[in-house]
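There are 2 protein chains.
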Amino acid sequence: MFDYKINKNIDKKLYLQVYESIKKDILTRKIVANTKLPPIRKIASDLKLNPSTIVKAYNLLEEEKLVYKKLGSGSYVAYLDDEMNDSEDYNDLKINERLNSGQINIENNINFASATPSANLFPVEDFKSVLIKVLDRDGGDAFTYQQTQGYYPLRKCISEKLKEDCIATNPEKIQIVSGAQQAIDLISRILLNEKDTVVVEEPTYSGAIASFNNRNTNIKSFPIQKDGIDLSEFEKFLNKNNIKLFYTMPTFQNPTGILWSEEKKQKLLELSYKYDFYILEDDCLSELYYDKIKLKSLKSMDKNGKIIYIKSYSKIFMPGLRLGFIILPEDLFNPFVSFKYSSDISSPGLNQRAFEMYLKEGYWDKHIEKMRVLYKKRFEKMYNKIKEIKEFEIFEVPMGGLYFWIKINDNFENLFLKASKRGVSILPGKVFSPEGNIKNFYRLSFADADEQKIEKGMNIIKSIIQDDKNLDLYPIL
Amino acid sequence: MFDYKINKNIDKKLYLQVYESIKKDILTRKIVANTKLPPIRKIASDLKLNPSTIVKAYNLLEEEKLVYKKLGSGSYVAYLDDEMNDSEDYNDLKINERLNSGQINIENNINFASATPSANLFPVEDFKSVLIKVLDRDGGDAFTYQQTQGYYPLRKCISEKLKEDCIATNPEKIQIVSGAQQAIDLISRILLNEKDTVVVEEPTYSGAIASFNNRNTNIKSFPIQKDGIDLSEFEKFLNKNNIKLFYTMPTFQNPTGILWSEEKKQKLLELSYKYDFYILEDDCLSELYYDKIKLKSLKSMDKNGKIIYIKSYSKIFMPGLRLGFIILPEDLFNPFVSFKYSSDISSPGLNQRAFEMYLKEGYWDKHIEKMRVLYKKRFEKMYNKIKEIKEFEIFEVPMGGLYFWIKINDNFENLFLKASKRGVSILPGKVFSPEGNIKNFYRLSFADADEQKIEKGMNIIKSIIQDDKNLDLYPIL
């Protein structure tokens, strides 16, 4: 008992390591209720740690009611809620642990958790045909290293397509990456150092939070409103703090689905010029509007080279290709190429070559058009089902994208786990929060669920909520 | 003139930015000989830098004889060597700059620089057939996200193949990566922090140096001998210093091609247990022996979980696939998966699936057998040609791998540039040195040159060396 191995070499806070070891043992009943935890000094000396580290771990356990303190006597393992079944609880713990490290297990029949398209929507036959054409055309060259910057014809093709979005660029300014996550991670490594401040929308994309946390930055978040963040609050903050980077998804923001208003976008750009910080614009969904609306990227509006523009193809095309690109301000370009080189030399060549042909031969436009029609139907289906649940409040009805951001009241904090047990995956709000402190919000995605599954899954969710309500409690008289 | 843009946000030393800006202007003749450089205080105040930063930049320029000092008057641009032709010199500068950031331009007809196989040796037809089979079998699933840890059947297949190499593992302990470079880079991020000490062989792989440098570590190197490094010297160092990691390529070391002796491998392992550090074993060539010799990896000899084992398929198969794997000690596994997730979510799925089928259906073994025969012939050809050049000294005749490590005397420091101008690429020793201070060594690779090209290229190198010798200089009387 209390035989914990703490690894001082890994980049994880020691008190968290101690906390997690003990927590696991409590939840798996390896140590039972009312067991006294070892005195802080003892465990600190055994593990060769500072006593304050143990204090922090014990406090965390107490906060979660896994441990209680007796004045002058020490800390004891608490009784766990009787409702909890050992193995189920352990499973919940594992689910939560995985969520925290960005992993999710989609064994469930109905997946409202992922924001990536269903595999059956992928244009496999078309892509296969371009793969074969590329192999017949390029032979072994398709399997050599690409330039670190990326396959030139692909960059050329992208820069031409960007004209449609009013983004003026050229192949020399484009860097191919293995998905948006890689771009965010490399930008973090180039720009951010310990204690630098990076500002994000809240809620925001968890992968970005992970990369900023890896750099030990201060993450300051501003709540998202229906048209962006509150920029006068932001400017007050800028008056007192230097920031290096602002991370935003202005078009169909993840997870809220909102669009920044044009006024706020313009104002945000002006702030970046005035207070000299970069804006990291993450665009992964702008093609997926349901009605023809005018969408303007920050990049297309920028006059002073403050926008770092990332485009991912994971959410609108095929995530397993791991392809995206980044357009960088001139002064960041060489450092980026050099970090891309040391992180994986270059992105796989065959995928780049096939994707170039896919774009050039017009498959892409055809595919996206089809997706728009299909997702609009799913959107409408889910929208109608959500409206049936009066406990749900939609943050803002999205005009495109793949998900709804739903508010629900306090009583349904465990909806995520309960739905999971009934075969429906949804994502709890805390996943999208830098501090993990968004409660009572869920992201419901229809990326991987057809209309039938939306019908079925939403009915299950509805019945969970109804059941909970029916469980009326009466005072004991 | 002197209108330099210095970027304080990027992770490159400021004095190097100043130095490089001025150097480029001198070499491109934007500022001509005898021009006085601005006073240190002036340029420091213009650029809002500390004067000592400018002093460092000027000193570097002086060291390279691009600038000379007049006592009490300041620094002036020097005359450049009359032999130098403007554009050629600028090209050399660009070549050197690219080398420093890991890039090389292989426009040359004859490539002895790359250690990756010729594209015409890739088994394109076989791989195409497995790609098509995978797409027909898996459809859209081939393009979804893989698990961050990697496609399970591939991990299973790898763990079974590793039994042949006496490595006992299982699919749960294997993590798929996008090439060895990614594995080295992620390990650096997990294990190494500023001022930590990492020990390397000298010469060593430049990509590893780049990753260690990105972490601002102290890199300590020990000269490679014909059977490994001097372990008693290493132990003396360990007595006085804590080290986190030892990076080694014990089998056909890059660039020397040597094999560590079994005695030294055993002793190295014991040191890692005694002084508690990890060993990063980078294995990219062990399949490529010319005569059946018994090769034992450190991983197969390790009893205490101190080996981090990386296997790349870039040098023996097809680099553009970007595939490799890593086996980690248990305590490093979760942090690695979590960093892999935040760096690029997962490696592309289709490539993993196709490679699994390629391995399982026996194509791999057939291909490697063919490569062994073919490379042995190239090896013999180059060996014979090297022996014709008496100015060349082979460090150690390799028993496998793809290159020779050649010593040559002082007079041929520019062989790299001269050969390049005659259409032959070779790699100068400095590329393989943490401090860039290996002179008079070259790596000659036959990975991308067939026997005809080896004949032709080696004859060109020979004639360069002969010509230089014929240019006898006599004292002026």
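Chains X and E, in that order, are what the protein sequence lines are. Note that the UniProt record's numbering has the first sequence beginning at 1, numbered continuously upward. Note that the UniProt record's numbering has the second sequence beginning at 1, numbered continuously upward. Every residue gets a Cβ at the ideal spot worked out from N, C-alpha and C, and that includes glycine. Note that the coordinates shown come from a computational prediction; the quantities given were computed from them, not determined experimentally.
What residue does the beta strand (DSSP E) around residue i start on, and which one ends it?
{"i": "Leu350/E", "result": "Note, Leu350/E: premise wrong, no beta strand (DSSP E); alpha helix (DSSP H) at Gly349 to Lys360."}
{"i": "Ser118/E", "result": "No beta strand (DSSP E) contains Ser118/E, which DSSP labels as neither H nor E."}
{"i": "Ile279/E", "result": "Tyr278 to Asp283"}
{"i": "Tyr15/E", "result": "Note, Tyr15/E: premise wrong, no beta strand (DSSP E); alpha helix (DSSP H) at Leu14 to Leu27."}
What residue from the options has the CA that sits closest to residue i's CA?
{"i": "Ile408/X", "options": "Gly423/X, Tyr15/X and Pro428/X", "result": "Pro428/X"}
{"i": "Leu154/E", "options": "Leu323/E, Asn459/E, Glu64/E and Asp282/E", "result": "Leu323/E"}
{"i": "Phe325/E", "options": "Tyr289/E, Tyr290/E, Leu280/E and Lys303/E", "result": "Leu280/E"}
{"i": "Asp234/X", "options": "Asn213/X, Gln253/X and Leu268/X", "result": "A small correction: the amino acid at residue 234/X is Phe; Asp does not occupy that position in the sequence shown. The candidate whose alpha carbon is nearest that of Phe234/X is Leu268/X."}
{"i": "Glu451/X", "options": "Lys24/X, Ser75/X, Ile308/X and Met382/X", "result": "Met382/X"}
{"i": "Gln181/X", "options": "Glu263/E, Thr148/E, Ser342/E and Ser45/E", "result": "Ser342/E"}
{"i": "Asp227/X", "options": "Val199/X, Asn239/X, Glu262/X and Leu71/X", "result": "Glu262/X"}
{"i": "Tyr278/X", "options": "Leu295/X, Trp260/X, Leu332/X and Lys244/X", "result": "Lys244/X"}
{"i": "Leu321/E", "options": "Thr256/X, Gly140/X and Tyr403/X", "result": "Gly140/X"}
{"i": "Asp344/X", "options": "Gly74/X, Ile132/X, Phe441/X and Ser178/X", "result": "Ser178/X"}
{"i": "residue 485/X", "options": "Lys370/X, Lys462/X and Pro329/X", "result": "No answer is possible for residue 485/X: the residues shown for chain X start at 1 and end at 477."}
{"i": "Glu20/E", "options": "Ala447/E, Ile54/E, Ile40/E and Asp46/E", "result": "Ile54/E"}
When the cut-off is 9 Å and only beta carbons count, does residue i lie next to chain X?
{"i": "Glu88/E", "result": "Low confidence applies to Glu88/E: its pLDDT is 49, below 50, so where it sits in the model is not reliable, and the reading given next is rough at best. Not an interface residue."}
{"i": "Ser211/E", "result": "yes"}
{"i": "Asn214/E", "result": "yes"}
{"i": "Asn111/E", "result": "no"}
{"i": "Arg189/E", "result": "yes"}
{"i": "Tyr4/E", "result": "no"}
{"i": "Asn59/E", "result": "no"}
{"i": "Gly207/E", "result": "yes"}
{"i": "Glu83/E", "result": "Per-residue confidence for Glu83/E stands at a pLDDT of 36, beneath the threshold of 50, marking its modelled position as unreliable; the derived number appears in the next sentence. So no, Glu83/E is outside the interface."}
{"i": "residue 478/E", "result": "Because chain E in this structure spans residues 1 to 477, residue 478/E falls outside the shown range and cannot be described."}
Since residue i and residue j should fall inside the 8 Å C-beta cutoff, what is the C-beta to C-beta distance between them, to a whole number of angstroms?
{"i": "Phe237/E", "j": "Lys220/E", "result": "7 Å"}
{"i": "Ile310/X", "j": "Ile184/X", "result": "7 Å"}
{"i": "Glu201/X", "j": "Thr251/X", "result": "About 12 Å; that fails the 8 Å criterion."}
{"i": "Arg443/E", "j": "Phe432/E", "result": "7 Å"}
{"i": "Tyr4/X", "j": "Lys56/X", "result": "Wrong, their Cβ atoms sit about 15 Å apart, outside the cutoff."}
{"i": "Leu231/X", "j": "Leu271/X", "result": "7 Å"}
{"i": "Phe212/E", "j": "Leu192/E", "result": "7 Å"}
If you measure from the beta carbon of residue i to each beta carbon in chain E, is any gap under 9 Å?
{"i": "Leu121/X", "result": "yes"}
{"i": "Leu285/X", "result": "no"}
{"i": "Thr144/X", "result": "yes"}
{"i": "Gly139/X", "result": "yes"}
{"i": "Asp331/X", "result": "yes"}
{"i": "Tyr358/X", "result": "no"}
{"i": "Asn7/X", "result": "yes"}
{"i": "residue 481/X", "result": "Given that chain X is displayed from residue 1 to residue 477, the structure contains no residue 481/X and the question cannot be resolved."}
{"i": "Gly401/X", "result": "no"}
{"i": "Phe339/X", "result": "yes"}
{"i": "Asn193/X", "result": "yes"}
{"i": "Gly457/X", "result": "no"}
{"i": "Tyr278/X", "result": "yes"}
Is residue i close to chain C? Criterion is C-beta to C-beta, closer than 9 Å.
{"i": "Gln175/E", "result": "Among the protein chains of the structure shown, namely X and E, there is no chain C."}
Note down, in chain order, every chain X residue with its Cβ under 9 Å from the Cβ of residue i.
{"i": "Leu135/E", "result": "Val124, Glu125, Phe127, Lys128 and Leu131"}
What does residue i touch in chain X if you count any residue whose Cβ is under 8 Å from its own?
{"i": "Pro335/E", "result": "Ile10, Asp11 and Lys12"}
{"i": "Gly179/E", "result": "Asp344 and Ile345"}
Just to make sure I have the definition right: I need the residues of chain E whose C-beta is within less than 7 Å of the C-beta of residue i. Which are they?
{"i": "Gln182/X", "result": "Ser343 and Asp344"}
{"i": "Lys421/X", "result": "Ordered by position in chain E, no residue passes the 7 Å Cβ test against Lys421/X, which lies about 22 Å from the chain."}
So residue i contacts chain X; which residues on that side make the cut at Cβ distance below 7 Å?
{"i": "Leu321/E", "result": "Phe143 and Pro348"}
{"i": "residue 486/E", "result": "Given that chain E is displayed from residue 1 to residue 477, the structure contains no residue 486/E and the question cannot be resolved."}
{"i": "Met318/E", "result": "Phe143"}
Interface residues of chain E around residue i at Cβ under 9 Å?
{"i": "Thr116/X", "result": "Thr144 and Tyr145"}
{"i": "Lys370/X", "result": "Residues of chain E passing the Cβ test: none, with the nearest at roughly 14 Å."}
Which residues of chain E have a Cβ atom closer than 8 Å to the Cβ of residue i, listed in chain order?
{"i": "Asp291/X", "result": "Simply none; closest approach about 28 Å."}
{"i": "Asp185/X", "result": "Ser342, Ser343 and Asp344"}
{"i": "Lys65/X", "result": "Those within 8 Å of Lys65/X in chain E number zero; the least Cβ separation is about 26 Å."}
Between which two residues does the alpha helix (DSSP H) carrying residue i extend?
{"i": "Pro335/E", "result": "Glu330 to Asp344"}
{"i": "Val55/E", "result": "Pro51 to Glu63"}
{"i": "Gln253/E", "result": "Run containing Gln253/E: none; DSSP gives neither H nor E here."}
{"i": "Pro153/X", "result": "Tyr152 to Lys161"}
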